[in-house]
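Colleague: What follows is a single structure, and I will ask about it in a moment.
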Amino acid sequence: NAVEEKEPGVLAYICHRSTKETDKIIFFEVYKDEEALNNHGQQPHLAKMREYFGAGLLKPPVDIHRLEKVAGYTR
């Protein structure tokens, strides 16, 4: 995975498929800091995903929800 190999500031990058809506893909992502998030958006491998939208392989809408951590941990 290009994110894992090339982006040490990405602490978690997990792709899920909804069990109820099998055409819905959900990414859960955790970044070290704002700089790591901004860097992620500039990566060439992310541009590949945008190509999938253009080719109709992935379909909008894309909903992005920024979350604020209130408890818990990562390993």
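As numbered in the working numbering, residues 3 to 77 make up the sequence shown, in order.
For glycine and all other residues, C-beta sits at the position ideal for the given N, C-alpha and C.
Taking its Cβ as the centre, do 16 or more other Cβ atoms sit within 10 Å of Glu-9, making it buried, or is it exposed?
Modeller: Glu-9 is buried by the Cβ-count criterion.
Colleague: What residue range is occupied by the uninterrupted beta strand (DSSP E) comprising Leu-13?
Modeller: It spans 12–19 - the beta strand (DSSP E) in which Leu-13 sits, taken as one unbroken run.
Colleague: Between Asp-35, Arg-68, Val-72 and Ile-28, which has its C-alpha nearest Leu-60's C-alpha?
Modeller: Among Asp-35, Arg-68, Val-72 and Ile-28, the Cα nearest to that of Leu-60 belongs to Ile-28.
Colleague: Quick check: the stretch 10–18 against the stretch 30–38, are there 3 or more CB pairs under 8 Å?
Modeller: At 8 Å Cβ cutoff, the stretches touch.
Colleague: Are Val-12 and His-42 touching if we call contact CB-CB under 9 Å?
Modeller: In this structure, His-42 lies closer than 9 Å to Val-12 by Cβ.
Colleague: With Tyr-75 as the anchor, note down where its alpha helix (DSSP H) starts and where it stops.
Modeller: Careful: Tyr-75 lies outside any alpha helix (DSSP H) and carries neither H nor E.
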